Every structure is written in structure tokens, then in C-alpha cells.
Amino acid sequence: MDQSRAPADDEVVLETDRLLLRRWRVSDAAVQHELWTERDPRVPPPRRIDADGHPTVEDIEGWIRRDEHASVRDLLVAERTGEGDVIGYCGLIPSVHGQDGEPELAFEFLRRVWNQGYATEASWAVLAWAEASGYRRLWATVRNWNTASRRVLAKLGFVETGRVQPDALHGDSLFTSRAL
Numbered sequence: 002m003d004q005s006r007a008p009a010d011d012e013v014v015l016e017t018d019r020l021l022l023r024r025w026r027v028s029d030a031a032v033q034h035e036l037w038t039e040r041d042p043r044v045p046p047p048r049r050i051d052a053d054g055h056p057t058v059e060d061i062e063g064w065i066r067r068d069e070h071a072s073v074r075d076l077l078v079a080e081r082t083g084e085g086d087v088i089g090y091c092g093l094i095p096s097v098h099g100q101d102g103e104p105e106l107a108f109e110f111l112r113r114v115w116n117q118g119y120a121t122e123a124s125w126a127v128l129a130w131a132e133a134s135g136y137r138r139l140w141a142t143v144r145n146w147n148t149a150s151r152r153v154l155a156k157l158g159f160v161e162t163g164r165v166q167p168d169a170l171h172g173d174s175l176f177t178s179r180a181l
């Protein structure tokens, strides 16, 4: 089912039954902006559109063009293969929680595709990719109020570590991990 192929120019491409996971393109900026606008108001301000409307689509295009987020280079666009539309992202980001460079799984999908299994499907592909890359464990942090993401992580075999970062304003962050 899930396959990864060795792409040219060090570009990661993962394929599942319904998804192609690939690097960001400038043309994907509008979808990333839409994700920013849909975020729950409890998400901390640096990850939401600010009072001045930033980041704009143009800001995000610039980030992608300049590869300003090289630290999240393995955060891949999720594109539906049948429709050809971008619906979110899933991938790995640097983690300060793990040892020996163990990364963190991250995913976010447009609300219109929630409850269709895309986050779980994409995450399984990323887990296989991480294991094939030699990682022994992945981390994931999730706000205590984010029950949908907590369910996805549980399906994937992530377990809560007992570590919690309290945040009365935005909701506590729960630390989870999964051996590969």
C-alpha cells in the first residue's frame, strides 16, 4: 500500500492509495494560508493569522521560494491523487524532545477533508519513511483539547509519555512517542 520511491534531487515523494506526499511548491501557498485561517483560536498566536493579516499568501509564497523553513523540509504536502488537489501536510519536524535527532510527526488537513482518514493514511506513510530512514522513535505533541489529532496518534500507536507542558491559555501540550 504505502510506497516511497527514490526521487531525483533529494526530493521526498511518498505514495499511498489516495495521496501523494511531496515537497511544497509556490503554487501551494494558498492552501497553506487556508490552513492558517482555519486554525482553532486556542492555537498560539504565532501559528495563526495576525491582526494585520500576516502571513499573507504572498508571504508564504516567499517562504517557499526562499526555502526559509528548511528546518521543516520534511513536512510534505498531501495531494489527493484522484483529484489532484492539495488538502494539507504531513511529515517530520525537528524535535527537542527526542534523543539522537529523533524527529516529531506533524500533520494538518483542511477542515473539508476531516473524518476521511487522510491524516492517518498520510501518517502511516511518513512512519514507514522514518523507519526506512533509520529512526528508532518518533515524537508528537498535541494540545489536550485536540481530540481528533489525539485519536489519530492513538491509531498510529503513539502513547502519552506522562510529560505535559502546562498552558492555561492555549491548552496543555501532551507529549507522545512511538517506537519504530
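Using our numbering, you'd call the opening residue of the sequence shown number 2 and step up by one each time. Glycine included, each C-beta is placed from N, C-alpha and C at the ideal position. Computed from a prediction, not measured in an experiment: that's the story for all the values here.
Which whole-angstrom value is the C-beta distance of residue i and residue j, which I expect to be below 8 Å?
{"i": "L157", "j": "L181", "result": "Actually they are not in contact, since the Cβ atoms of L157 and L181 sit about 11 Å apart, beyond 8 Å."}
{"i": "R151", "j": "V160", "result": "Contact flag wrong, Cβ pair sits at about 11 Å."}
{"i": "L22", "j": "A133", "result": "Actually they are not in contact, since the Cβ atoms of L22 and A133 sit about 14 Å apart, beyond 8 Å."}
{"i": "L76", "j": "I88", "result": "Rounded, the Cβ-Cβ distance is 14 Å, inconsistent with contact."}
{"i": "H171", "j": "P45", "result": "5 Å"}
How many angstroms separate the CA atom of residue i from the CA atom of residue j?
{"i": "D29", "j": "G102", "result": "28 Å"}
{"i": "S178", "j": "V27", "result": "32 Å"}
{"i": "Y136", "j": "V14", "result": "18 Å"}
{"i": "D3", "j": "T121", "result": "Confidence at D3 is low in this model, with a pLDDT of 39, below 50, so the placement of that residue should be treated as unreliable; the coordinate-derived value is given next. When rounded, the distance between both Cα atoms is 12 Å."}
{"i": "A52", "j": "G163", "result": "35 Å"}
{"i": "H98", "j": "A107", "result": "14 Å"}
{"i": "T17", "j": "A169", "result": "38 Å"}
{"i": "R66", "j": "N145", "result": "34 Å"}
Closest by CA to residue i, which one among the options?
{"i": "N116", "options": "V153, Y90, S134 and L77", "result": "V153"}
{"i": "V83", "options": "L20, V14, A169 and W64", "result": "In the sequence as presented, Val is not what sits at residue 83; that position holds Gly. Among L20, V14, A169 and W64, the Cα nearest to that of G83 belongs to L20."}
{"i": "P42", "options": "V32, V114 and N147", "result": "N147"}
{"i": "A149", "options": "T17, D168, L170 and Y119", "result": "Y119"}
{"i": "G85", "options": "R67, L170, A169 and V32", "result": "V32"}
Which same chain residues, not among the five before or five after residue i, have their C-beta less than 7 Å away from its C-beta?
{"i": "S96", "result": "E103, P104, E105 and W140"}
{"i": "L36", "result": "G89, E109 and L111"}
{"i": "R81", "result": "R19, L20 and I88"}
{"i": "T38", "result": "I50"}
With a 10 Å radius around its C-beta and 16 neighbouring C-beta atoms as the bar for buried, classify residue i as buried or exposed.
{"i": "V165", "result": "exposed"}
{"i": "E62", "result": "buried"}
{"i": "Q100", "result": "exposed"}
{"i": "A131", "result": "buried"}
{"i": "G92", "result": "buried"}
{"i": "L175", "result": "buried"}
{"i": "A79", "result": "buried"}
{"i": "A126", "result": "buried"}
Near residue i, which residues of its chain fall below 8 Å by C-beta distance, leaving aside the five closest residues on each side in sequence?
{"i": "P167", "result": "D173"}
For residue i, I'd like the list of residues in its chain whose CB is within less than 6 Å of its CB, leaving aside the five on either flank, ordered along the chain.
{"i": "H34", "result": "V58 and I61"}
{"i": "V114", "result": "I88"}
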